[in-house]
């Protein structure tokens with residue numbers, strides 16, 4: 017069954033970021049495989065009820081990361097992305113800082129710390145198993 | 099007015115009334131008179147009461163219009179008969195629209211809260227036209243063929259006759275272009291509310307049917323315009339007289355009966371899914387009286403209609419909708435002023 021993505025139009029996270037994160041999750045998990053075609057900017061924007069530029073920005077970000085090949089009026093095609101080189105120390109620190117900020121946001125929304133920790137442990141176990 | 103025309107008009111009234119009565123319960127699950135409600139609301143006593151009041155006003159109006167059609171119209175002569183018949187049609191349509199708006203207002207206290215969550219499928223939609231490009235372009239091709247025939251008579255026809263015939267074809271060109279454009283938009287530019295599963299297939303089938311209905315209307319309009327144009331230009335006399343009009347009206351009645359039968363068949367089979375609780379993905383606040391959609395933040399040029407199972411409405415928050423609407427209304431006047 018083809019994947020779906022969901023966004024919350026009232027969330028504090030910008031819509032384009034939600035789209036990027038959702039697509040990247042599917043790409044990393046392998047639910048979107050190299051060669052798969054995803055909808056055009058216009059089609060996805062209409063279905064999600066957001067501006068065309070929002071989806072275009074999300075697609076461009078993922079194309080810059082090497083995930084997508086953008087074809088005008090034909091949507092985007094998932095690329096066979098080469099395993100990225102190990103990130104620099106600065107990049108690693110930035111990524112971990114983003115993780116800390118996300119955890120802080122979850123706590124600010126009222127999700128208990130032990131619940132967050134439990135979810136992180138489960139995700140970590142899945143990641144290690146996937147390797 | 100010939101008896102056959104009166105009978106067909108009355109039949110048209112009856113079929114249109116049945117269609118109006120069935121439409122509110124043949125819509126997408128979660129929408130009732132243009133308002134997002136819980137899917138089970140339509141089975142409550144409040145919903146039944148609102149529905150009955152709406153149907154009552156439509157039925158009573160139809161009975162009065164039918165009575166006027168048989169009592170008043172046969173006594174009229176000249177242009178008064180068709181003008182009065184047109185007034186009755188407008189009256190019936192107007193009452194249906196106003197009744198829908200009133201029913202929508204009555205349903206609003208029972209509206210569901212608006213959900214900001216949007217879900218989209220990542221499967222690209224097929225870009226093929228049902229029936230193919232030839233069927234899609236059919237109305238334009240027919241008008242173009244008639245235009246070609248008219249051009250061959252350009253030197254033999256009086257200038258006024260040529261202009262009158264061409265004005266009809268010009269109207270057909272513009273009207274068909276708009277109809278075909280809206281049919282295409284319905285298929286490729288409306289939101290997919292149910293992203294996956296059987297509900298998605300059901301929704302796609304509804305869109306294809308709506309596309310087919312508009313294309314059918316384009317063919318009907320072509321017949322209405324091309325036949326008089328060819329008759330005026332004396333290219334053929336086959337379409338002259340009331341018999342041709344009777345045939346056209348009979349075809350319209352049969353088409354309406356088929357659509358009605360399909361709408362009745364669809365009634366009660368609309369799939370209730372978790373997505374149905376979000377309605378059609380548009381906010382009730384953007385729908386005026388459940389009939390007109392205005393949302394400048396929505397990129398969609400057209401959205402699924404809330405007044406029936408098949409079709410779309412323009413998003414008047416998009417400036418091009420105003421251009422299209424103005425064009426539709428002003429087109430006959432402009433053609434009359436500029437061309438004739």
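Protein chains in written order, with our numbering: chain L, 17 to 147; chain V, 99 to 438.
For each residue, glycine too, the CB sits at the ideal point set by N, CA and C.
These numbers come from a predicted model, not from an experiment.
Give me, in chain order, the residues of the same chain whose beta-carbon lies closer than 7 angstroms to that of residue i; leave out the 5 immediate sequence neighbours on both sides.
| i | result |
| --- | --- |
| residue 155 (chain V) | 193 and 197 |
| residue 139 (chain V) | 130, 145 and 208 |
| residue 173 (chain V) | none |
| residue 422 (chain V) | 276 and 412 |
| residue 369 (chain V) | Here the model assigns residue 369 (chain V) a pLDDT of 49, short of 50, so the residue's position is not dependable, and the following value carries that caveat. Only 127, 296, 297 and 300 meet the Cβ criterion. |
| residue 322 (chain V) | 346 |
| residue 259 (chain V) | 330 and 331 |
| residue 362 (chain V) | 120 |
| residue 43 (chain L) | 83 and 94 |
Taking DSSP as the reference, what is the three-state secondary structure of residue i?
| i | result |
| --- | --- |
| residue 134 (chain V) | strand |
| residue 410 (chain V) | strand |
| residue 217 (chain V) | strand |
| residue 350 (chain V) | helix |
| residue 387 (chain V) | coil |
| residue 381 (chain V) | coil |
| residue 37 (chain L) | helix |
| residue 225 (chain V) | coil |
| residue 24 (chain L) | strand |
| residue 230 (chain V) | helix |
| residue 110 (chain V) | helix |
| residue 168 (chain L) | What the structure shows of chain L is the stretch from 17 to 147, and residue 168 (chain L) is not part of that stretch, so it cannot be assessed. |
| residue 402 (chain V) | strand |
| residue 136 (chain L) | helix |
So residue i contacts chain C; which residues on that side make the cut at Cβ distance below 8 angstroms?
| i | result |
| --- | --- |
| residue 293 (chain V) | In summary, chain C is missing from the structure at hand, where the protein chains are L and V. |
Excluding the 5 residues preceding and the 5 following residue i in the sequence, name in chain order all residues of the same chain whose CB lies nearer than 8 angstroms to its CB.
| i | result |
| --- | --- |
| residue 358 (chain V) | 113, 116, 117 and 120 |
| residue 129 (chain L) | 123 |
| residue 413 (chain V) | 391, 392, 393, 396, 398, 399, 400, 401 and 419 |
| residue 218 (chain V) | 290 and 293 |
| residue 233 (chain V) | 227 and 313 |
| residue 284 (chain V) | 305, 308, 309, 312, 400, 409 and 410 |
| residue 343 (chain V) | 103 |
| residue 403 (chain V) | 409, 410 and 411 |
Looking only at its chain, what residues have a beta carbon closer than 6 angstroms to the beta carbon of residue i, apart from the 5 residues adjacent to it on each side?
| i | result |
| --- | --- |
| residue 53 (chain L) | 91 and 93 |
| residue 55 (chain L) | 91 |
| residue 134 (chain L) | none |
| residue 307 (chain V) | 408 |
| residue 85 (chain L) | 93 and 95 |
| residue 429 (chain V) | 272 |
| residue 82 (chain L) | 97 |
| residue 47 (chain L) | 19 |
Give a single yes or no on whether residue i has its beta carbon closer than 6 angstroms to a heavy atom of the ligand ATP.
| i | result |
| --- | --- |
| residue 70 (chain L) | Only the bare structure without any ligand can be found here, which leaves the ligand ATP out of the picture. |
- [ ] Quick one: which residues of the region 211-234 of chain V get their C-beta closer than 7 angstroms to a C-beta of chain L? List them in chain order.
- [x] Using a CB distance below 7 angstroms, the part of the region 211-234 of chain V facing chain L consists of 214, 215, 216, 217, 218, 219, 220, 221, 222 and 223, ordered along the chain.
TODO: Entirely within the region 68-129 of chain L and at least 4 residues each: give me those alpha helix (DSSP H) ranges in chain order.
DONE: 68-80 and 105-124
Task: Inter-stretch contact at 8 angstroms, needing at least 3 Cβ pairs: the region 178-188 of chain V / the region 143-155 of chain V - done: Touching, no, given that fewer than three Cβ pairs across the two stretches are closer than 8 angstroms.
Open item on the list: When you compare the region 102-117 of chain V with the region 163-172 of chain V, are there three or more beta-carbon pairs, one atom per stretch, that lie closer than 8 angstroms?
Closed with: yes
- [ ] Pull out every residue of the region 397-411 of chain V whose Cβ sits closer than 8 angstroms to any Cβ of chain L, in chain order.
- [x] 397 and 398
Open item on the list: Three or more C-beta pairs under 8 angstroms: does that hold for the region 200-218 of chain V against the region 124-139 of chain V?
Closed with: yes
Task: Interfacial residues, the region 282-313 of chain V to chain L, with Cβ spacing under 7 angstroms - done: 287, 289, 290, 293 and 294
Open item on the list: Suppose only complete runs of 4+ residues qualify. What are the alpha helix (DSSP H) ranges in the region 276-339 of chain V, listed by chain order?
Closed with: 295-330
Open item on the list: By the 9 angstroms beta-carbon criterion, what residues does the region 120-131 of chain V contribute toward chain L?
Closed with: none
Open item on the list: Between the region 216-226 of chain V and the region 305-320 of chain V, can you find at least three pairs of beta-carbon atoms closer than 8 angstroms?
Closed with: no
TODO: Report the residue ranges of all alpha helix (DSSP H) runs contained in full by the region 126-190 of chain V; include only those spanning at least 4 residues, in chain order.
DONE: 143-169
- [ ] Spell out a yes or no on whether the region 248-267 of chain V and the region 324-336 of chain V are touching, meaning 3 or more CB-CB pairs, one atom from each, closer than 8 angstroms.
- [x] These segments touch.
Task: Positions along the region 20-47 of chain L whose CB lies within less than 7 angstroms of some CB in chain V - done: 20, 21, 22, 23, 24, 25 and 26
TODO: Assess, as a yes-or-no matter, whether the region 69-81 of chain L is touched by the region 32-49 of chain L under the definition of 3 or more beta carbon pairs within less than 8 angstroms.
DONE: The region 32-49 of chain L, when compared against the region 69-81 of chain L, does touch it at the 8 angstroms Cβ threshold.
Open item on the list: Residues of the region 62-92 of chain L in Cβ contact with chain V at a cutoff of 8 angstroms, in chain order, please.
Closed with: 62, 63, 64, 65, 66, 67, 68 and 91
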